[in-house]
Amino acid sequence: MTSRPQPDSRDAYARFVPLTTRWMDNDAYGHLNNVVYYSLFDTAVNSLLIDAGALDIHAGAVIGLVVETHCNFFESLAFPQRLEAGVRVAQQGRSSVRYEIGLFAEGAATCAARGHFVHVYVDRDSRRPVAALPDAYLSALETLKAPTP
71 MTSRPQPDSR DAYARFVPLT TRWMDNDAYG HLNNVVYYSL FDTAVNSLLI DAGALDIHAG
131 AVIGLVVETH CNFFESLAFP QRLEAGVRVA QQGRSSVRYE IGLFAEGAAT CAARGHFVHV
191 YVDRDSRRPV AALPDAYLSA LETLKAPTP
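Numbering (our numbering), first residue to last: 71 to 219.
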């Protein structure tokens, strides 16, 4: 039996991305629908990669395909609310990266949700994994390495 997951604190993440919830994000229960969390994860990671000059969503030769996702929920988030997404790289392979993301209510000490997704980086045209991550990605990923305790 595994222990119950616990929320991370801010110091567990390398970088933060400010995000806001939208009217359409709430579900019938008055909080963010589960799928919205995955969208926020994707937005946070891809924003950092675009800002670093690694990801060109329109013309880049290399793109990331999500092959695995997971999320643990600790507290509800809702519209209207400002959020901060903590991002870290937990594992990096030849053509894949496991990103871990914590979603924090603005200013909160611990995350309301924590998850991960794995990108496999592929050639845009062939959709086959790249032999190695391009230098621009390697540089961007270096700034996202999980902090050491």
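Here a beta-carbon is modelled for each residue, glycine too, at the ideal position from N, C-alpha and C.
Quick caveat, the model's predicted, so the values are computed rather than measured.
- For asparagine 96, the beta-bridge partners assigned by DSSP are Leu102.
- DSSP places arginine 198 outside both helix and strand once states are collapsed to three, so it counts as coil.
- Alanine 210: member of the alpha helix (DSSP H) spanning 205-212, first to last residue.
- DSSP places threonine 218 in the coil class of the three-state scheme, outside both helix and strand.
- Linking alanine 183 to tryptophan 93 through their CA atoms gives a straight-line distance of about 19 Å.
- If you check the CB distance, arginine 194 and isoleucine 133 come in under 7 Å.
- Exclusion of the five residues before and after glutamate 170 leaves Arg158, Ala160 and His186 as the residues of its chain whose Cβ lies within less than 6 Å of its Cβ.
- As a beta-bridge residue in DSSP terms, histidine 140 pairs with His186.
- Distance from the CA atom of glycine 163 to the CA atom of leucine 211, rounded to whole angstroms, is 11 Å.
- Taking C-alpha positions only, valine 188 is separated from threonine 113 by approximately 14 Å.
- The Cβ atoms of glycine 156 and phenylalanine 86 lie closer than 7 Å to each other.
- The C-beta distance from proline 199 to serine 165 rounds to 4 Å, short enough to fall under 8 Å.
- 7 Å or more divides the Cβ of leucine 208 from the Cβ of tyrosine 191.
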